[in-house]
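The next block holds one structure in the form of structure tokens; read it before the comments.
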Amino acid sequence: MTDTASGEGRHGALPALLWKIVKILASVALTFLGLLLVTFLIGRVVPVDPVLAVVGDRASQSVYDRVFIELGLDKPLYEQFWIYLQKILSGDLGTSFLTKKPIVEDIARVFPATLELATVAILIGTIFGIPLGVLAAVRQGKLSDQIVRVVGLIGYSAPIFWLGLLGLLIFYARLHWVAGPGRIDISYEYSITPRTGLMLWDSAMQGQWDAFRNAFSHIILPAALLGYYSLAYISRMTRSFMLAELAQEYIITARVKGVAEWRIIWVHALRNAAVPLVTVVALSYAGLLEGSVLTETVFAWPGLGQYLTNSLQNADMNAVLGGTLVIGAIFVGLNLLSDLLYTLLDPRVRRR
Amino acid sequence: MKHLPKLVGAALVASLALLAPVARAATPPDTLIQAWAIDDIISLDPAEVFEFTASELLGNSYQGLIGYDVKDVSNIFGVVAEKWDISPDGKTYTFTIRDGMKFASGNPITASDAVFSLRRAVKLDKSPAFILTQFGFTADNVDAMIRQTGPMTFEYEIDKAYAPTLVLYCLTATVGFIVDEKLVTEHAVDGDFGYNWLKTAYAGSGAFTIREWRANEVVVLERNDNYSGDKPAMARAIYRHIPEPATQRLLLEQGDIDIARNVSADSIDVLAANPDLAVDSGVKGSIYYLGLNQKNPILAIPEVRQAMKYLVDYATIADTIMKGRVIVHEAFLPRGFLGALEDTPFALDVAKAKALLAAAGYPDGFTVTMDTRNTDEITAIGTAIQQNMALAGIKLELIPGDGQQTLTKYRARNHDIYIGRWGPDYQDPHTNADTFARNPNNADDATSKPLAWRNAWDIPEMTAKTDAAVLEADAGVRAQMYLDLQREHQETSPFVIMFQEIEVMARRANVKGFVVGPSFNDNSFRAVTK
Numbered sequence: 024m025t026d027t028a029s030g031e032g033r034h035g036a037l038p039a040l041l042w043k044i045v046k047i048l049a050s051v052a053l054t055f056l057g058l059l060l061v062t063f064l065i066g067r068v069v070p071v072d073p074v075l076a077v078v079g080d081r082a083s084q085s086v087y088d089r090v091f092i093e094l095g096l097d098k099p100l101y102e103q104f105w106i107y108l109q110k111i112l113s114g115d116l117g118t119s120f121l122t123k124k125p126i127v128e129d130i131a132r133v134f135p136a137t138l139e140l141a142t143v144a145i146l147i148g149t150i151f152g153i154p155l156g157v158l159a160a161v162r163q164g165k166l167s168d169q170i171v172r173v174v175g176l177i178g179y180s181a182p183i184f185w186l187g188l189l190g191l192l193i194f195y196a197r198l199h200w201v202a203g204p205g206r207i208d209i210s211y212e213y214s215i216t217p218r219t220g221l222m223l224w225d226s227a228m229q230g231q232w233d234a235f236r237n238a239f240s241h242i243i244l245p246a247a248l249l250g251y252y253s254l255a256y257i258s259r260m261t262r263s264f265m266l267a268e269l270a271q272e273y274i275i276t277a278r279v280k281g282v283a284e285w286r287i288i289w290v291h292a293l294r295n296a297a298v299p300l301v302t303v304v305a306l307s308y309a310g311l312l313e314g315s316v317l318t319e320t321v322f323a324w325p326g327l328g329q330y331l332t333n334s335l336q337n338a339d340m341n342a343v344l345g346g347t348l349v350i351g352a353i354f355v356g357l358n359l360l361s362d363l364l365y366t367l368l369d370p371r372v373r374r375r
Numbered sequence: 384m385k386h387l388p389k390l391v392g393a394a395l396v397a398s399l400a401l402l403a404p405v406a407r408a409a410t411p412p413d414t415l416i417q418a419w420a421i422d423d424i425i426s427l428d429p430a431e432v433f434e435f436t437a438s439e440l441l442g443n444s445y446q447g448l449i450g451y452d453v454k455d456v457s458n459i460f461g462v463v464a465e466k467w468d469i470s471p472d473g474k475t476y477t478f479t480i481r482d483g484m485k486f487a488s489g490n491p492i493t494a495s496d497a498v499f500s501l502r503r504a505v506k507l508d509k510s511p512a513f514i515l516t517q518f519g520f521t522a523d524n525v526d527a528m529i530r531q532t533g534p535m536t537f538e539y540e541i542d543k544a545y546a547p548t549l550v551l552y553c554l555t556a557t558v559g560f561i562v563d564e565k566l567v568t569e570h571a572v573d574g575d576f577g578y579n580w581l582k583t584a585y586a587g588s589g590a591f592t593i594r595e596w597r598a599n600e601v602v603v604l605e606r607n608d609n610y611s612g613d614k615p616a617m618a619r620a621i622y623r624h625i626p627e628p629a630t631q632r633l634l635l636e637q638g639d640i641d642i643a644r645n646v647s648a649d650s651i652d653v654l655a656a657n658p659d660l661a662v663d664s665g666v667k668g669s670i671y672y673l674g675l676n677q678k679n680p681i682l683a684i685p686e687v688r689q690a691m692k693y694l695v696d697y698a699t700i701a702d703t704i705m706k707g708r709v710i711v712h713e714a715f716l717p718r719g720f721l722g723a724l725e726d727t728p729f730a731l732d733v734a735k736a737k738a739l740l741a742a743a744g745y746p747d748g749f750t751v752t753m754d755t756r757n758t759d760e761i762t763a764i765g766t767a768i769q770q771n772m773a774l775a776g777i778k779l780e781l782i783p784g785d786g787q788q789t790l791t792k793y794r795a796r797n798h799d800i801y802i803g804r805w806g807p808d809y810q811d812p813h814t815n816a817d818t819f820a821r822n823p824n825n826a827d828d829a830t831s832k833p834l835a836w837r838n839a840w841d842i843p844e845m846t847a848k849t850d851a852a853v854l855e856a857d858a859g860v861r862a863q864m865y866l867d868l869q870r871e872h873q874e875t876s877p878f879v880i881m882f883q884e885i886e887v888m889a890r891r892a893n894v895k896g897f898v899v900g901p902s903f904n905d906n907s908f909r910a911v912t913k
């Protein structure tokens, strides 16, 4: 019986897995199509004339008319979208009106800056946020809980622009603990060969430890600031997930069995709270990867947020659509990843 | 898991160790580092550049046929051109190129390069091309009109006998800069005159070469060893894109940059008081004004237009929120231009404004909107004017918008009032007369859209006067024509001209020799020392 059953299972498993993959791919494709369509339409209904961004205010009408046709704006909207889709499918995201470079090249230049910042930020947010959330849950209602909640509240509500300037004033201008705005000092700028565009990674791989230290002292303040924001969210969520877990019967059972309290908290409860936490962290990370315009502005960080905002303000639709695709891919990718982690962390999902 | 809190603590200590106080290094002695919002750069090709920052880059890295003294713009001299002669009919200019000059590439500069550069700009027909094409050049006729007559000479034939200063000033604009024909042609693809290459590359002969432009990040210039003039002291000049003035200020105070280019009005005094720093300023040609759309029936009433000119507190705005950044100026030609009118007949006068409004049939005022670009300065001026106007009962509703957004609306003539800033395109008075006092066709589908058109101000007679002024060869007579034109304009136009811009920059005290010129391509760091 076991033989037959497992044999049937194996036969059924392959198409089921295929079917699952097809379903995922279809939903990803549909997501992208919808994303592009909505972004495209928004780009066309905003009251900004993309031709002006290209030719400026002073150009003669003949120049204006020529560029209008060059950009394909004389064609009906659906045709413009269709042309764009065809290009995308052939791997061509077009050229930016503003930087005059292929979008792919532009994004390859600005995205690593954001990726690096977001990664350090989410590490800070997670490393500090989860223990703080656990602490707040365990000491529910006590002073430490209140402190964590207040810290979280400030993180939520203080304008990042202001906090950034304040941070620069204190840690850069007064205390000289960190380096100023920008990714690295000019003197190190050309000593690293950009391979990945991630300053920390590139400098470490090339053994340029001075440059690494310099880049680190540049990134730590903006990353800590962004990390603080995700910390606020992560610690709040950890606290409530933990409270829910700690009230479960298996915790009482464990206590009755005499399991050490630290083990109950950090192993039994946190392990179960970790499942929904994965989504929280993944979403925070995805949010950071979109690029934070204000932080990037204050810290002169040449990242995706600044690039996209600048493109949007100048109606540089190729750049906006390209950036949207990247962000879409990040969200889809991180969603898939957290699904995967779910199956690893939660045996019930695996069994299903 | 037991050790998690300890691990977190260890991580914290480790990261703090990396943050041992950072050594303060001054900027390298042979490198000039400036912080500036450089996100307006869209090209480095002289045939296309029209933005402030890119103009400044080109001014320091390219050379034109002629130039002018930034302290006395009426003093015009040859740069790449050694001399020029004007034919008796005033329509043909013969230029002779200076001997022995080279491009940064090492190629010699000849008449062929000059002819190529000017023809190229006309044929590419990018935004600033009109500065040349207004003299009758088209892609079809330019080969015949601009012609090489010898290895170092060429003729430049225009369609009418325009005032010589107009013709020459237009050649000092960046669109008239000379590019390296040989180098550009090597990179030409499918008859694009090397445009797709040059928009991010360099082919000039100025004091510096442009080594790299990373959009919204950095521009790096390096000393040009083939430059014919005095060698710059700086081996490198770097522009860092720092969009936020407060950040620039911090960097400057710390000595991480040499010059902060975006200085807010409220920090000028503080920076000037710092002994390590100095503040430089220079009058620029840009003018702040209100454009009153004549399609709005209320704003089209002459008394209402006049009333609005008495409802701006020019002096207070210039002394408070825009202190050090503007001077009061009420005529369309900025100071420093031939024939500029410096009279300021209007000041805040609520009683007079009320009387004018009563005469117009609006004794209690009216409601009107103003499209206001969301920059700090324009917003601040807009808010102040809103309060001024309220004194006479005019309810001014500000509609904030991004630059491109408000401009799109303005160019479509869908605004009531637009608060704007206009910078001249070249050093001749015609540049502003052409836009403020000329409107050849007020129809919606007109091909020319000067500011007068954008505010639907139909002025056939004034247009004729403006056209006459460009053909006057005598500078004295011509200056008088512009003075008369500005007086009439002040009294009748739907433009409330308010201020002329002052460019302010803050530098480390040891950085000397930056020249602030009347336009951005005149700003020069060739002579900077540290």
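So the sequence lines, in the order shown, correspond to chains A and B.
Residue numbering for the first sequence follows the numbering used here, beginning at 24 and increasing consecutively.
Residue numbering for the second sequence follows the numbering used here, beginning at 384 and increasing consecutively.
Ideal Cβ positions, reconstructed from N, Cα and C, are used throughout, including at glycine.
All values derive from a computational prediction rather than experimental measurement.
Contact between Leu-364 (chain A) and Val-290 (chain A) is absent: CB atoms are separated by about 18 Å, not below the 8 Å threshold.
Within chain A, the residues placing a beta-carbon under 9 Å from that of Arg-623 (chain B) are Pro-204, Gly-205, Ile-209, Ala-323, ordered along the chain. For Ser-669 (chain B), the enclosing beta strand (DSSP E) has its first and last residue at 660 to 675. Taken in chain order, the whole beta strand (DSSP E) runs of length 3 or more contained in the region 432 to 457 of chain B are 449 to 451. In the structure shown, Pro-547 (chain B) adopts helical secondary structure according to DSSP, grouped into three states.
Fully enclosed beta strand (DSSP E) runs of no fewer than 3 residues occupy 601 to 606 of the region 592 to 617 of chain B, in order along the chain. The beta-carbon distance between Tyr-801 (chain B) and Asp-754 (chain B), rounded to whole angstroms, is 5 Å. This is short enough to meet the 8 Å contact definition. Taking C-alpha positions only, His-624 (chain B) is separated from Ala-420 (chain B) by approximately 5 Å.
The way I'd put it, the region 831 to 842 of chain B does touch the region 659 to 676 of chain B; three or more beta-carbon pairs between them come closer than 8 Å. Contact between Thr-479 (chain B) and Thr-536 (chain B) holds: CB atoms are separated by about 5 Å, below the 8 Å threshold.
Close to Gly-79 (chain A), with beta-carbon spacing below 7 Å, are these residues of chain B in chain order: Phe-433, Ser-510.
At a cut-off of 8 Å between beta-carbon atoms, Arg-132 (chain A) makes contact with chain B. Chain order gives the chain B residues near Pro-70 (chain A) as Gln-788, Thr-791, Lys-792, where near means a beta carbon separation below 7 Å.
Taking 8 Å as the cut-off, the beta carbon of Phe-322 (chain A) is found no closer than this to the beta carbon of Ala-296 (chain A). Boundaries for Ala-270 (chain A): no alpha helix (DSSP H) harbours it, and the DSSP string shows neither H nor E there.
If you compare the alpha carbons of B:Ile-768, B:Pro-812, B:Glu-605 with that of Asn-443 (chain B), the shortest gap goes to B:Glu-605. Between the alpha carbons of Ile-681 (chain B) and Ser-253 (chain A) lies a gap of roughly 53 Å. Here Lys-737 (chain B) carries a helix assignment [DSSP, helix/strand/coil]. Leu-868 (chain B): member of the alpha helix (DSSP H) spanning 858 to 875, first to last residue. Counting of Cβ neighbours within 10 angstroms places Trp-185 (chain A) among the exposed residues, the total staying below 16. Chain B has no Cβ within less than 8 Å of the Cβ of Val-301 (chain A). Only buried fits Phe-819 (chain B), as 16 or more other CB atoms lie within 10 angstroms of its CB. Counting only residues of its own chain and dropping the five nearest sequence neighbours on each side, Phe-897 (chain B) has a CB closer than 6 Å to the CB of Phe-908, Val-911. Taking C-alpha positions only, Trp-467 (chain B) is separated from Pro-534 (chain B) by approximately 15 Å. Taken through DSSP and simplified to helix, strand or coil, Tyr-809 (chain B) comes out as coil. In the three-state DSSP reduction, Ala-464 (chain B) falls in the strand class (E or B).
At a cut-off of 8 Å between beta-carbon atoms, Glu-627 (chain B) makes contact with chain A. For Asp-168 (chain A), the three-state secondary structure derived from DSSP is helix. Across the region 578 to 590 of chain B, CB contacts with chain A closer than 7 Å involve Lys-582, Thr-583, in sequence order along the chain. Interface with chain B (8 Å Cβ-Cβ cutoff): Leu-188 (chain A) is included. When B:Lys-506, B:Phe-513, B:Ser-510, B:Ala-512 are compared, the shortest CA-CA separation from Asp-526 (chain B) is found for B:Lys-506. A direct Cα-Cα distance of roughly 19 Å separates Val-603 (chain B) from Gly-638 (chain B).
With a cutoff of 8 Å on beta-carbon distance, Lys-565 (chain B) and Asn-490 (chain B) are scored as near each other.
For Ala-643 (chain B), the three-state secondary structure derived from DSSP is strand. For the C-beta of Asn-524 (chain B), not a single chain A residue is nearer than 9 Å; the gap to the nearest is close to 15 Å. In this structure, Lys-123 (chain A) and Ile-425 (chain B) form a Cβ contact; the two beta carbons are roughly 7 Å apart against a cut-off of 8 Å.
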